[in-house]
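Chemist: Going by the working numbering, the first residue of the sequence shown is number 8, and it counts up by one from there.
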Amino acid sequence: MTARKGLFWLAGGVAAILAVLAFLVLRELTRAGAFTTFFPRGTEGCSRIGSFPGAEDITIDRRTGWAFVSVMDWRAYLKDEPASGAIGAIDLGADEPEVILLRIDGAPQGLRPHGLSLWSDGAGDTRLFVVNHDTAGPRIEIFAVGEAEGVPVLSHLATVTGEALVSPNDVAAVGPRAFYVTNDHGSTGKGARLREEIFRKDLASLAYFDGERMVEAVSGLTYANGVTVSADGRTLVLAETLDGMLRFYARDPVTGGLTPKEGPEGFVWLGTAPDNIELAADGSLVVAAHPDILAFVGLQRNPEAQAPSQVLHVRPHADRPGGRITELLLEPGALFSAATTATIADGRILAVSLFEPALLVCPLEEGAQPVQVP
8 MTARKGLFWL AGGVAAILAV LAFLVLRELT RAGAFTTFFP RGTEGCSRIG
58 SFPGAEDITI DRRTGWAFVS VMDWRAYLKD EPASGAIGAI DLGADEPEVI
108 LLRIDGAPQG LRPHGLSLWS DGAGDTRLFV VNHDTAGPRI EIFAVGEAEG
158 VPVLSHLATV TGEALVSPND VAAVGPRAFY VTNDHGSTGK GARLREEIFR
208 KDLASLAYFD GERMVEAVSG LTYANGVTVS ADGRTLVLAE TLDGMLRFYA
258 RDPVTGGLTP KEGPEGFVWL GTAPDNIELA ADGSLVVAAH PDILAFVGLQ
308 RNPEAQAPSQ VLHVRPHADR PGGRITELLL EPGALFSAAT TATIADGRIL
358 AVSLFEPALL VCPLEEGAQP VQVP
């Protein structure tokens, strides 16, 4: 082979490699929503209530009509600046709902809450489980939920730690001390976590605490995020944000053991980046999602930026493969950026965001049509 031919083949090889890389980058940007134009849906009549630094999660006690939110200054936290938070509550039956920061008896110092989950025995014993990013290390706090002068009051009962708590995100309570918790990363350093996200490494996991011992229940996940358990305790649903899907596991209510459901019943492909999952009153799923994940990342760095908020209603495997997915809300970001959790109550959508200083309340649009998922 002559030198000229060698250079020709080398140049051709380099061009081919660059073309493949360009294709892969373009594909990932497209999947992330970078080239999508978002048009509002279900935003008419929306309003904002409350004033607080931000709230990552919201969950409803449907017996009492109170909603609980995890309040924290996430911008300070992500910049490694001093940040503390609180648990807020909203009386959904009030004529003019407002967010009340709750009294916590025996509160842990420097509470920095993330995911929330309520558990009740049906006879009056209600507990709130909270992911706490304590400066001494991640932990799960368990609070008894009481009442004083018509307002919820929390009493600290227990702190749970364990080696399986690597990077906790969301929690699903299944007993007075038992819970599942997602680890959105398998690494602890910022650089290693960034590499996990860029290369979609399946290092995230789900841990289970049975009241005495914490173990890894599921491994090999890609950015495990929201998690919930069905009312009968027999199905666990988990969101994989970067893979754009919900995963379903059959659960043994006695042992807590999980078995991946097979075939079409094992997952629902959303075509967007799911965050937290809440159960609707009828057992269906309400999912907050990020249709433009790059805009969400940009919002973390720039308070003036905007990122779309999306709320989906999912009836898993209702009457067709993949289930029935309905887009309840799509807000391009001007009114409310990057909703991280949403739920439904009394004909209203309630949503919170890490970076929004208010709760978004929107009337539930009747007759919303199912979304065709790619």
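Beta carbons: idealized from backbone N, C-alpha and C, even for Gly.
For residue 251, which residues from the same chain have a beta carbon less than 8 angstroms from its beta carbon, with the 5 sequence-adjacent residues on both sides left out?
Modeler: Same-chain partners within the cutoff: 38, 276, 277, 278, 279, 280, 281.
Chemist: Does the segment 240-250 come within contact of the segment 192-201, defined as at least 3 CB pairs closer than 8 angstroms?
Modeler: No contact exists between the segment 240-250 and the segment 192-201.
Chemist: How is residue 116 classed by DSSP in three states: helix, strand or coil?
Modeler: Residue 116: coil per DSSP, three-state reduction.
Chemist: If we ignore side chains and look at the alpha-carbon of each, how far apart do residue 113 and residue 236 end up?
Modeler: Going from the Cα of residue 113 to the Cα of residue 236 covers about 29 angstroms.
Chemist: Suppose contacts are defined by Cβ-Cβ distances below 8 angstroms. Is residue 120 in contact with residue 79 by that definition?
Modeler: Yes.
Chemist: If you run the structure through DSSP and keep just helix, strand and coil, what is residue 230?
Modeler: Reduced to three states, the DSSP call for residue 230 is coil.
Chemist: Which word fits residue 261, buried or exposed, when buried means at least 16 other C-beta atoms lie within 10 angstroms of its C-beta?
Modeler: It is exposed - the Cβ of residue 261 has fewer than 16 other Cβ atoms within 10 Å.
Chemist: For residue 85 and residue 207, what's the separation of their Cα atoms in angstroms?
Modeler: The straight-line gap from Cα to Cα measures roughly 21 angstroms.
Chemist: Out of curiosity, what's the CA-to-CA distance linking residue 350 and residue 339?
Modeler: Straight-line Cα distance between these residues: approximately 19 angstroms.
Chemist: Using the three-state DSSP reduction, which class does residue 35 fall into: helix, strand or coil?
Modeler: Per-residue confidence for residue 35 stands at a pLDDT of 46, beneath the threshold of 50, marking its modelled position as unreliable; the derived number appears in the next sentence. Helix at residue 35.
Chemist: By the DSSP assignment, the beta strand (DSSP E) with residue 317 in it spans what residues?
Modeler: 316-322 is the span of the beta strand (DSSP E), which, as asked, contains residue 317.
Chemist: In the structure shown, what three-state DSSP assignment does residue 48 receive?
Modeler: Note: residue 48 maps to strand in three-state DSSP.
Chemist: Distance, Cα to Cα, residue 64 vs residue 106?
Modeler: Approximately 13 angstroms, taken between the alpha carbons.
Chemist: Could you give the DSSP three-state label for residue 148: helix, strand or coil?
Modeler: Of the three classes helix, strand and coil, the one that applies to residue 148 here is strand, per DSSP.
Chemist: Considering only DSSP beta bridges, list what residue 186 is partnered with.
Modeler: Residue 186 is bridged to 180, 216.
Chemist: Hey, how far is the Cα of residue 200 from the Cα of residue 141?
Modeler: Distance between the alpha carbons of residue 200 and residue 141 is about 19 angstroms.
Chemist: Using 8 angstroms as the Cβ pair cut-off and three pairs as the minimum, do the segment 282-293 and the segment 226-244 touch?
Modeler: Yes, since at least three Cβ pairs between the segment 282-293 and the segment 226-244 fall closer than 8 angstroms, the two stretches touch.
Chemist: Residue 224 by DSSP, collapsed to three states: which one?
Modeler: Three-state DSSP puts residue 224 in a strand.
Chemist: How would you label residue 70, buried or exposed, when you count the other beta carbons within 10 angstroms and need 16 or more for buried?
Modeler: Per the 10 Å Cβ criterion, exposed.
Chemist: Below 8 angstroms between beta carbons: does that hold for residue 413 and residue 366?
Modeler: Outside the modelled stretch of the chain, which goes from 8 to 381, sits residue 413, for which no answer is possible.
Chemist: Is the beta carbon of residue 345 less than 8 angstroms from the beta carbon of residue 361?
Modeler: Closer than 8 angstroms, so yes.
Chemist: Assuming contact is defined by CB atoms lying nearer than 8 angstroms, are residue 242 and residue 254 in contact in what I supplied?
Modeler: Contact flag unset, no.
Chemist: Whose CA, out of 321, 363, 157, 301, lies closest to the CA of residue 385?
Modeler: This structure does not reach residue 385, given that the chain is present from 8 up to 381, and the question cannot be answered.
Chemist: Excluding five sequence neighbours on each side, which residues of the same chain lie with their C-beta closer than 6 angstroms to the C-beta of residue 434?
Modeler: Residue coverage of the chain in this structure runs from 8 to 381, which leaves residue 434 outside it and unanswerable.
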